[in-house]
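**Q** Numbering (our numbering), first residue to last: 1 to 192.
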């Protein structure tokens, strides 16, 4: 049986990858480490949602709490690179210390994430820590996971998590939709 540690960004994104990894009779354990989620109320909401989901589904999760980082870089590329690197380096380290055979991340389910960058950073972190990074393109299960999350009434956020991504979301072309207005209102209320 292969022992796999999966970094979990949020409960909805964990549903499909956990299902697929467990189908192969792997011993899968989750790892929550997301210091870039902004603002704090969003971080807490995602964390509570994962705890509820993990409890209901009997999923073992290691929780690592860290003060939020508000700045990961000035460009989108720097922001994503630094955010991925922080989380995947930490996941690889926890995987090594916990005796896991492999590590991966639920970020790989999102069609909005930079898969090649995640793969590159994950493999580099794995080499550094002596634990292999398991790249699996879970994107074909994105809709299935989101549908199941809705059926389970799990909170599903509308932005990546960092301050920059919420700002971009507020300023995006979708401005004016009901969801967009709610995000913008929440963001602005907590920032000003």
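From the three backbone atoms N, C-alpha and C, an ideal C-beta is built for every residue, glycine too.
Treat the numbers as computed from the prediction; the structure is a model and nothing was measured.
Shortest alpha-carbon distance to residue 127 belongs to which of 154, 95, 112 and 53?
**A** In the chain shown, residue 127 corresponds to position 127, counting from 1. That would be 95, whose Cα lies nearest to the Cα of residue 127.
**Q** Please classify residue 99 as buried or exposed, where buried requires at least 16 other C-beta atoms within 10 Å of its C-beta.
**A** For this step, residue 99 is matched to residue 99 along the chain shown. Residue 99 comes out exposed.
**Q** To the nearest angstrom, how far is the alpha carbon of residue 86 from that of residue 122?
**A** Taking the chain shown and counting its residues from 1, the one referred to as residue 86 is at position 86. Taking the chain shown and counting its residues from 1, the one referred to as residue 122 is at position 122. Those two C-alpha atoms are separated by around 10 Å.
**Q** How would you write the range of the beta strand (DSSP E) that residue 102 sits in, first residue to last?
**A** The residue labelled residue 102 in the question sits at position 102 within the chain shown. Looking at the DSSP string, the run of the beta strand (DSSP E) that includes residue 102 is 102-105.
**Q** Are residue 149 and residue 11 closer than 8 Å when you measure CB to CB?
**A** Locating residue 149 in the chain shown gives position 149, where the first residue counts as 1. Locating residue 11 in the chain shown gives position 11, where the first residue counts as 1. In contact: residue 149 and residue 11 (Cβ atoms closer than 8 Å).
**Q** What's the gap between the Cα of residue 53 and the Cα of residue 160?
**A** By one-based count along the chain shown, residue 53 stands at place 53. By one-based count along the chain shown, residue 160 stands at place 160. One C-alpha to the other measures close to 19 Å.
**Q** Please go through the same chain and pick out, in chain order, the residues whose beta-carbon is closer than 8 Å to the beta-carbon of residue 202, but skip the five residues on each side of it.
**A** A query on residue 202 cannot be resolved here, the shown segment of the chain reaching from 1 to 192 and no further.
**Q** One question on the structure: do residue 106 and residue 166 come within less than 8 Å of each other, judged by their Cβ atoms?
**A** Walking along the chain shown from the start, residue 106 turns up at place 106. Walking along the chain shown from the start, residue 166 turns up at place 166. Cβ atoms of residue 106 and residue 166: not closer than 8 Å.
**Q** Is it buried or exposed for residue 42, if we count other Cβ within 10 angstroms and need 16 for buried?
**A** Taking the first residue of the chain shown as 1, we reach residue 42 at position 42. Buried is the call here.
**Q** Evaluate the contact criterion for the stretch 25-37 versus the stretch 56-66: three or more CB pairs, one atom per stretch, below 8 Å.
**A** yes
**Q** Would residue 154 and residue 131 be called neighbours here (beta carbons separated by less than 8 Å)?
**A** For the purposes of this step, residue 154 is taken as residue 154 along the chain shown, with counting starting at 1. For the purposes of this step, residue 131 is taken as residue 131 along the chain shown, with counting starting at 1. Contact flag unset, no.
**Q** How many Å lie between residue 188 and residue 39 at the Cα?
**A** In the chain shown, the residue the question calls residue 188 occupies position 188. In the chain shown, the residue the question calls residue 39 occupies position 39. Any reading at residue 188 must be qualified, since the residue scores a pLDDT of 44, below 50, and its modelled position is unreliable; the value itself is stated next. Computed Cα separation, rounded: 11 Å.
**Q** Taking only three categories from DSSP, how would you classify residue 153?
**A** For this step, residue 153 is matched to residue 153 along the chain shown. Correct three-state label for residue 153: coil.
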